[in-house]
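Everything on this sheet refers to the single structure shown next.
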Amino acid sequence: MFFPKGSCYIYTMISNPIKNIAVLTSGGDSPGMNACIRAVVRVGIDHGCEVTGVYRGFDGLIDADFAALATQDVSNIIQRGGTILKSARAMRFMEAKYRRIAYENMRNSGIDALVVIGGDGTFMGAQCVVEEMKLPTLGLPGTIDNDLYGTDNTIGYDTALNTVVSAVDKIRDTADAHERLFIIEVMGKDAGFIAARSGIAVGAEAILIPETTTYIDDLIDRLKTGWRNNKKSSIIIVAEGDDLGGALEVEKKIQEQFNKYDTRVSILGYVQRGGSPSAYDRLLASRLGAEAVHGVIAGKTGFMVGVKDNEISYTPLLKAVKHNKLIRKDLIDLATVLSK
Ligand code: F6P
0 MFFPKGSCYI
10 YTMISNPIKN
20 IAVLTSGGDS
30 PGMNACIRAV
40 VRVGIDHGCE
50 VTGVYRGFDG
60 LIDADFAALA
70 TQDVSNIIQR
80 GGTILKSARA
90 MRFMEAKYRR
100 IAYENMRNSG
110 IDALVVIGGD
120 GTFMGAQCVV
130 EEMKLPTLGL
140 PGTIDNDLYG
150 TDNTIGYDTA
160 LNTVVSAVDK
170 IRDTADAHER
180 LFIIEVMGKD
190 AGFIAARSGI
200 AVGAEAILIP
210 ETTTYIDDLI
220 DRLKTGWRNN
230 KKSSIIIVAE
240 GDDLGGALEV
250 EKKIQEQFNK
260 YDTRVSILGY
270 VQRGGSPSAY
280 DRLLASRLGA
290 EAVHGVIAGK
300 TGFMVGVKDN
310 EISYTPLLKA
320 VKHNKLIRKD
330 LIDLATVLSK
C-alpha cells in the first residue's frame, strides 16, 4: 500500500506512528555530524514528521533545550565540521532522577522518537532511554575513533584519517630536513584504528596501538636497524591509549636506551576532531541519517544503524559498544612488514 508524502498522520490512524523525532549529538564531536543532522531533518520532514533539535546532547534533554528544526535550519551545513546542535558529555544523565526529567521534557514536547549521534558513551545513554522510557530510539555512529562494532566506518573517521595523513606528511618534510625521529600521537582513547590506518598511509616506521602489546626492546631494535641502514629520519605513530603510554612516554623510554636520533614529539590532538567532512563521511552521514528516520518510523528501536560491506546494518546498541571491534590482523601484519 502506498502512502502519499506527508502522510505521517495516516500512520497515526493505522499504526500509532511517529510524529516528532528528536535528534541530538553527544560525546566527542566528529566531522560529518552536521551532514547527519541535515539528513535526519530533511528525511523526517519528507515523511511528514516534525523534527526537534536537542542542544548539548543529553544535557539538552534534561534542560529541555529544544528547537523545532525546519529544512532551512540545516542549509549550508553539510560541509561544516562540528555540530550545530553542540555536544556534551552529560554525566547527569547517569542519574535516574535526571533521566526522569529528560523523559518528562520529551513527553511534554510531544517527542515520540529519538535519534542519537555519537560514540560508546552516547549509546549507553540511548539504551537507558530504550529500557526505561520505552521511547523508540536509534543510534548513529558519530565518532572519529571508529571503535563501534557493527559498522565498517564511523562518521568522522575518514576525515580524521585524512587530517592525520596531511599533518604527518608535513612533519615528514622537516624530519627529513633535520634528520630527526618524530614520535607522533594520534587520538583513539582506547582504540588504535586511527593509528593503524594512518600509520600505513604515511609509511610510519612503527605503529603503536592499544590492541597489541608494545615491547620497547623490539622498538629499539627496529630503530637500531634503521640507524645501521643509514635511515636518518623516522616516524613513529602512537595511539594516545597505547600500553607503553603516549608520545612523551614513548620518547622518554626510547631516549633511555637509544639516543642516537635527535628526537621530537608532536601530539596532533584536537585538529583530528575538526575540519570539513570528506565526501565519504558526508555520504555515510547522509545515508545513516536517512535510514535512522526510516527505522524509527518502521518501529525499530535499540539499534545502532551502520554500514557493513556497503549495506545498511542494524546492531543492538549494547553489542555495538561492548562487542569489541578488532583491528584486522592482516592490517597489523601489513603495517609491520611495510614499516621495516
Ligand atoms: O572519542 C573521541 C575522542 O576524540 C577520543 O579520540 C579522545 O580520546 C576523546 O574523544 C577526547 O575527549 P574530550 O573531547 O572530552 O577531551
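Sequence positions in the sequence shown follow numbering that gives the first Met the number 0 and run 0 to 339.
Where is the CB? At the ideal position from N, CA and C, for every residue including glycine.
Suppose the cutoff is 8 angstroms on Cβ atoms and the five residues either side in sequence are ignored; what does the same chain contact list for N19 look like?
C48, E49, V50, T51, S108, G109, I110, D111, A112
Per DSSP, which residues does F181 bridge with? Please list them.
I234, R263
Tell me which residues share the same chain as K252 and place their Cβ nearer than 7 angstroms to its Cβ, disregarding the 5 neighbours each side in the sequence.
Answer for K252: I215, L243, listed in chain order.
With H, G and I counted as helix, E and B as strand and the rest as coil, what does DSSP make of I9?
Model confidence at I9 stands at a pLDDT of 33, short of 50, so the residue's coordinates are unreliable; what they give is reported in the following sentence. I9 falls in the helix class under three-state DSSP.
Drop a sphere of 10 angstroms on the beta-carbon of R272, count the other beta-carbons inside from all chains shown, and report buried for 16 or more, exposed for fewer.
buried
Tell me the rounded alpha-carbon separation between K4 and G198.
Reliability of the predicted coordinates at K4 is poor, the pLDDT of 45 falling under 50, and the value obtained from them is presented with this limitation in mind. Cα-Cα distance, rounded: 48 angstroms.
At the level of alpha carbons, what is the spacing between L325 and E210?
8 angstroms
I want to check one thing, is the minimum distance from the CB of R91 to the heavy atoms of ligand 1 below 7 angstroms?
No, Cβ of R91 sits at least 7 angstroms from all heavy atoms of ligand 1.
Residues near V264 in its chain [Cβ-Cβ closer than 7 angstroms; skip 5 each side]:
I182, A246, L247, E250
Give me whichever residues DSSP pairs with K307 in a beta bridge.
E310
If I measure Cβ to Cβ from R41 and keep anything under 6 angstroms in the same chain, skipping five residues before and after, which residues do I get?
Excluding sequence neighbours, R41 sits near T70.
Beta bridge counterpart(s) of P315 as assigned by DSSP
F302
On the premise that G31 lies in contact with R281, defined as a C-beta separation below 8 angstroms, what is that separation, rounded to the nearest angstrom?
6 angstroms
Which one of T136, L218, G191, Q254 has the shortest CA to CA distance from E204?
Per the C-alpha coordinates, the member of T136, L218, G191, Q254 positioned closest to E204 is L218.
How about G288 and V115: do their beta carbons lie closer than 8 angstroms?
no
In whole angstroms, what separates the C-alpha of E239 from that of D189?
Each residue's Cα considered, the two are about 8 angstroms apart.
Please confirm if the region 291–309 is in contact with the region 87–99, defined as three or more CB-CB distances below 8 angstroms between the two stretches.
no
What span of residues does the alpha helix (DSSP H) with F192 cover, start to end?
192–201
Spatial distance of A200 from T162 (CA atoms)
Spanning the alpha carbons of A200 and T162 requires a straight line of approximately 12 angstroms.
If N323 and Y148 are in contact, beta carbons under 8 angstroms, what's the gap, nearest whole angstrom?
7 angstroms
According to the neighbour-count rule (16 or more other Cβ atoms, all chains shown, within 10 Å of its Cβ), is H177 buried or exposed?
The residue is exposed, with fewer than 16 neighbouring Cβ atoms inside 10 Å.
Pull up the DSSP beta-bridge partners for T24, would you.
Note: T24 sits in a beta bridge opposite I116.
Using only CA atoms, which one of R37, G187, L333 lies nearest to E290?
R37
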